[in-house]
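K.L.:
Chains as they are written, first to last, in the numbering used here: chain A, 177 to 419; chain B, 477 to 677.
We put the beta carbon where it would ideally sit given N, CA and C, even for glycine.
#1: Where residue 493 of chain B and residue 277 of chain A are concerned, what is the direct C-alpha to C-alpha distance, given to the nearest angstrom?
#2: Counting only C-beta atoms, is residue 252 of chain A closer than 8 Å to chain B at any point?
#3: According to DSSP, simplified to helix, strand and coil, what is residue 283 of chain A?
#4: Which complete beta strand (DSSP E) runs does the region 243-292 of chain A hold, if anything under 3 residues is left out?
#5: Is DSSP giving residue 617 of chain B helix, strand or coil here?
#6: Taking Cβ to Cβ, would you say residue 393 of chain A is nearer than 8 Å to residue 308 of chain A?
#7: Return the Cβ separation of residue 592 of chain B and residue 228 of chain A in integer angstroms, given the expectation that the two are a contact with Cβ distance under 8 Å.
#8: Compare the C-beta of residue 264 of chain A with all C-beta atoms of chain B and state if any pair is closer than 8 Å.
#9: Please list the residues of the region 383-403 of chain A that have a C-beta atom closer than 9 Å to any C-beta atom in chain B, keeping them in chain order.
#10: Taking residue 249 of chain A as the query, report the chain B residues whose CB atoms sit under 8 Å from its CB, ordered along the chain.
#11: Determine which residues share a DSSP beta bridge with residue 153 of chain A and list them.
#12: Please report how far the alpha carbon of residue 532 of chain B lies from the alpha carbon of residue 544 of chain B, in whole angstroms.
#13: Let me check understanding here. Comparing Cα to Cα, which of B/577, B/653, B/483 lies closest to residue 222 of chain A?
#14: Please report the straight-line C-alpha distance between residue 292 of chain A and residue 185 of chain A, rounded to a whole angstrom.
#15: Nearest by alpha-carbon distance to residue 548 of chain B: which of B/516, B/597, B/524, B/539 is it?
#16: Alpha carbon to alpha carbon, what distance is there between residue 629 of chain B and residue 180 of chain A?
#17: Out of curiosity, what's the CA-to-CA distance linking residue 215 of chain A and residue 658 of chain B?
#18: Name, please, each residue of chain B whose Cβ falls closer than 8 Å to the Cβ of residue 189 of chain A.
#19: Identify the contact partners of residue 629 of chain B in chain A, using a Cβ-Cβ distance below 7 Å as the criterion.
#20: Given a limit of 8 Å on CB to CB distance, which residues of the region 478-501 of chain B reach chain A?
#21: Counting only beta-carbon separations shorter than 8 Å, does residue 669 of chain B have a partner in chain A?
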């Protein structure tokens with residue numbers, strides 16, 4: 177068995193004294209693990225960091241085997257983000273989420289495409305939190321739990337959608353939402369194509385996707401969302417308070 | 477199954493030596509043979525040294541360094557500046573700093589780094605005692621000498637978050653071109669970090 181692809185390193189764990197087992201998110205083979213011989217050597221250590229884009233060649237005798245990766249760097253994102261604590265927390269959350277919620281060896285080209293766009297914009301803190309939320313929306317859709325934000329669940333209205341039902345995952349219009357405001361999630365306008373983006377929208381978006389990822393995806397396998405996601409939310413809120 | 481070539485006692489010695497970093501079964505066998513050949517001149521002093529180390533080595537309650545005394549000789553040294561603390565990941569990093577001989581303050585050894593993916597949390601590290609030292613002592617500076625890795629810098633940012641409200645100055649080691657390094661052989665990330673943090677010359 178032998179294939180080549182590009183991908184992002186999303187997890188690294190040491191194996192033995194000098195090797196590492198890494199998870200790579202690829203467009204053609206999904207989240208795929210493999211052994212990098214000498215992955216902790218001085219020469220390769222800088223490449224084997226989460227967030228780095230690499231060209232990988234995977235080889236194994238049988239497809240079920242862990243297999244070996246041969247890796248060449250394409251883009252070094254980790255080093256660029258290390259100085260920025262907010263972006264670094266976002267990178268940690270993104271990689272931890274990808275590792276936790278995406279099943280291994282399942283192909284999700286759109287999830288990879290959104291991941292790629294997010295990685296290219298991580299240095300712009302005005303953009304990446306919204307892209308991160310869109311990525312989580314894409315993950316929900318790819319896993320079969322997509323939110324239906326096209327029309328109101330109660331009235332069928334397609335305009336003035338302001339909330340989301342936690343039960344059905346469908347949008348609710350402003351009028352229909354009035355009796356249930358304490359039970360519904362606010363729907364940020366940027367998630368349905370709006371151009372406005374406030375810090376409150378980011379909070380609401382993260383709460384919305386976090387709820388559905390936790391209850392629909394993680395609870396089924398008796399797990400919660402990774403701590404790194406909560407750390408990222410804390411950092412974003414602390415940054416806003418500082419401003 | 478490979479037939480046993482030596483007695484159970486020697487096989488046990490080989491299997492224990494093979495657990496050490498840098499030694500596999502083959503090199504452990506060679507080391508065992510060498511020890512047995514030099515029983516009086518090597519094996520006996522090594523056994524004694526290991527027994528002494530086993531009895532006396534302990535972790536310093538103040539900084540987390542390992543030493544035969546508690547507090548360790550660095551925490552007790554009168555010539556060192558107690559108002560500067562250098563935070564390192566492991567004892568190996570502390571030894572590396574000491575080999576360089578460039579730092580004359582005191583240390584704090586965390587015992588690892590936070591890791592979102594491997595589930596290492598602040599409670600798993602020697603971090604709370606660092607915050608206690610920052611609060612209790614009159615410090616001028618905390619130097620974060622963490623590895624230039626995602627986990628190392630995540631840990632550094634976490635410590636900064638927790639102590640930046642205090643008056644202490646927080647610094648970290650520079651990232652960039654190593655001494656003797658040639659640009660042609662450096663990875664993109666290191667060159668970018670070096671360029672972003674360039675200094676007046």
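P.N.:
From the atom records:
#1: Position 17 of the second chain holds residue 493 of chain B. Position 101 of the first chain holds residue 277 of chain A. Cα-Cα distance, rounded: 41 Å.
#2: Position 76 of the first chain, counting from 1, holds the residue named residue 252 of chain A. Closer than 8 Å to some Cβ of chain B, the Cβ of residue 252 of chain A qualifies, so yes.
#3: One-based indexing of the first chain puts residue 283 of chain A at position 107. Correct three-state label for residue 283 of chain A: coil.
#4: 244-251
#5: On the second chain, position 141 is the one that residue 617 of chain B refers to. It is a strand residue.
#6: Working through the first chain from its first residue, we reach residue 393 of chain A at position 217. Working through the first chain from its first residue, we reach residue 308 of chain A at position 132. No, these two residues do not count as a Cβ contact at 8 Å.
#7: The residue you call residue 592 of chain B lines up with position 116 of the second chain. The residue you call residue 228 of chain A lines up with position 52 of the first chain. No, residue 592 of chain B and residue 228 of chain A are not in contact; Cβ-Cβ is about 16 Å, not under 8 Å.
#8: Taking the first chain and counting its residues from 1, one reaches residue 264 of chain A at position 88. Cβ-Cβ to chain B under 8 Å: yes for residue 264 of chain A.
#9: 402, 403
#10: The sequence position of residue 249 of chain A within the first chain is 73, counting from 1. Within 8 Å Cβ-Cβ: 663, 664.
#11: Residue 153 of chain A is absent from the model: chain A starts at 177 and stops at 419.
#12: Start at 1 with the first residue of the second chain, and residue 532 of chain B comes out as number 56. Start at 1 with the first residue of the second chain, and residue 544 of chain B comes out as number 68. So the alpha carbons of these two residues sit roughly 5 Å apart.
#13: Taking the first chain and counting its residues from 1, one reaches residue 222 of chain A at position 46. Residue B/653 is the option with its Cα nearest to residue 222 of chain A.
#14: For the purposes of this step, residue 292 of chain A is identified with residue 116 of the first chain, where counting begins at 1. For the purposes of this step, residue 185 of chain A is identified with residue 9 of the first chain, where counting begins at 1. Near 12 Å, if we compare the C-alpha coordinates of residue 185 of chain A and residue 292 of chain A.
#15: Here residue 548 of chain B refers to the residue found at position 72 when the second chain is read from its first residue. Comparing Cα-Cα distances from residue 548 of chain B to each of B/516, B/597, B/524, B/539, the minimum goes to B/539.
#16: The count along the first chain starts at 1 and reaches residue 180 of chain A at position 4. The count along the second chain starts at 1 and reaches residue 629 of chain B at position 153. Residue 180 of chain A and residue 629 of chain B: Cα-Cα distance of roughly 31 Å.
#17: As a working mapping, residue 215 of chain A is identified with position 39 in the first chain. As a working mapping, residue 658 of chain B is identified with position 182 in the second chain. Whole-angstrom Cα-Cα distance: 21 Å.
#18: For the purposes of this step, residue 189 of chain A is taken as the residue at position 13 of the first chain. Here the neighbours are 593, 594.
#19: Mapped onto the second chain, residue 629 of chain B falls at position 153. The contacting residues are 258, 264.
#20: 497, 498
#21: In the second chain, the residue the question calls residue 669 of chain B occupies position 193. So yes, residue 669 of chain B belongs to the interface.
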